[in-house]
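Please read the structure below before turning to the comments.
In C-alpha cells:
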C-alpha cells in the first residue's frame with residue numbers, strides 16, 4: 002500500500018500554510034524586539050507562543066480535509082490510503098513545527114524574554130527568559146555557549162509534539178464529522194455548540210451547580226498539567242488520546258460519500 006504520493010501532496014500543502022504562519026510569528030517577534038530596544042517603557046516579553054502552533058495544527062486538520070478527500074476520491078485513491086497519508090503528514094508536520102518552536106525559543110530567548118509554556122512550568126514560573134541557551138563572553142573576550150540539559154530539551158519537544166499531533170488529529174476528526182453532516186445539522190452545531198459552551202454552561206454553573214462545573218474543569222486542567230510534566234504519563238495519555246481520535250476519524254472516513 003503506497004501512501005507516499007498522498008503524504009508528499011498533503012505535506013506540501015501543510016508546508017505552504019506553516020510558511021505563512023511562521024512568517025507572521027517572526028514578524029511579531031521582530032516587532033517585540035524593536036519595541037524592547039527603542040522604548041524604555043516595555044520589556045517585549047513573549048510567552049507560550051507554541052499554543053498558536055497548536056491552534057494552527059487544529060485548523061489544518063479541520064479545514065483541509067474536504068478538498069483533499071474530493072481530490073483523492075476523484076483519483077481513485079482508497080479511503081485507507083488517504084487516511085494513512087493524512088495521518089503520516091500530520092505526524093511529520095507536528096514533529097517538524099514542534100522542533101522549530103524549540104529552536105525558536107533557544108535562539109530568541111537570548112534577545113528577549115521568550116518562554117515556552119513547558120519551560121515556565123518546569124521552572125515554577127520563576128525561570129529567566131533565557132531558559133534554553135545563553136551566550137556570553139568569558140575571560141579575555143572568549144565566546145562561550147551555555148546549553149540547557151538535553152533531557153529537558155527532549156521533554157519540551159515531546160510535550161509540544163504530542164500537543165500538536167493530538168490537536169491536528171482532533172481537527173481531522175471534527176473535519177470528517179462536519180463533512181458528513183447534513184446542512185441543517187451543520188447550522189445547528191455551528192450555532193448550538195458555541196451557545197451551549199459560552200451561554201448555557203455558565204448560566205447552569207452559576208445558578209444550578211454553584212460553580213462546581215468550572216471547579217471540576219479547573220481541577221482537570223491542573224491534573225493535565227501535572228501529567229504533562231511527567232514524560233511517561235504524558236506520552237501514554239496523549240498517545241491514547243491520539244489513538245482514540247484517529248480511530249473515530251477512520252470510522253467516519255471509511256463510510257464517507259463524496260458530496261457537492
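Residue numbers (the numbering used here): 2 to 261. Just so you know, even glycine gets a beta-carbon here, dropped at the ideal spot from N, CA and C.
*Find the nearest neighbour of residue 21 within the set 54, 9, 5, judged by alpha-carbon distance.*
Looking at 54, 9, 5, the one whose alpha-carbon comes closest to that of residue 21 is 54.
*Buried versus exposed, by CB contacts within 10 Å (16 or more), residue 231*: Looking at its Cβ environment, which holds fewer than 16 other Cβ atoms inside 10 Å, residue 231 is exposed.
*asked:* If I measure Cβ to Cβ from residue 88 and keep anything under 7 Å in the same chain, skipping five residues before and after, which residues do I get?
replied: Sequence-distant partners of residue 88 (beyond 5 residues in either direction) whose C-beta falls short of 7 Å from its own C-beta, in its chain, are 247.
_Own chain residues within Cβ distance below 7 Å of residue 1, not counting five before or after_ = No answer is possible for residue 1: the residues shown for the chain start at 2 and end at 261.
*asked:* By the DSSP assignment, the alpha helix (DSSP H) with residue 50 in it spans what residues?
replied: Per DSSP, residue 50 is not a residue of any alpha helix (DSSP H), being assigned neither H nor E.
*Tell me whether residue 239 sits in a helix, a strand or coil according to DSSP, three-state version.*
Looking at residue 239 - three-state DSSP - the assignment turns out to be helix.
*Using the Cα positions of residue 93 and residue 253, report the straight-line distance between them to the nearest angstrom.*
A straight-line Cα-Cα distance of about 23 Å links residue 93 and residue 253.
*In chain order, what residues of the same chain lie with their CB nearer than 8 Å to the CB of residue 158, ignoring the 5 residues before and after it?*
The residues are 99, 100, 103.
*asked:* Just checking residue 60 against the ligand NAP - is the residue's beta carbon closer than 7 Å to any of the ligand's heavy atoms?
replied: Looking for the ligand NAP in the displayed structure turns up nothing, as the structure carries no ligands at all.
_What residue range does the alpha helix (DSSP H) around residue 110 cover?_
Per DSSP, residue 110 lies in no alpha helix (DSSP H) segment and is marked neither H nor E.
*Going by the CB atoms, is the gap between residue 50 and residue 14 shorter than 8 Å?*
No; because the gap between Cβ atoms is not below 8 Å, this pair is not in contact.
*By DSSP, does residue 116 sit in helix, in strand, or in coil?*
Strand at residue 116.
*Straight-line CA distance for residue 166 to residue 26?*
Residue 166 and residue 26 have their C-alpha atoms spaced approximately 20 Å apart.
*Is it true that the CB of residue 71 sits closer than 8 Å to the CB of residue 4?*
Not a contact, by the Cβ cut-off of 8 Å.
*Is residue 182 helix, strand or coil by DSSP?*
DSSP places residue 182 in the coil class of the three-state scheme, outside both helix and strand.
*asked:* Let me make sure I understand the geometry here. Which of 214, 209, 174, 184 has the alpha-carbon closest to that of residue 244?
replied: Cα-wise, what sits closest to residue 244 is 174.
*Pull up the distance between the alpha-carbon of residue 204 and that of residue 213, whole angstroms please.*
Using only the alpha carbons, I get a separation of about 12 Å.
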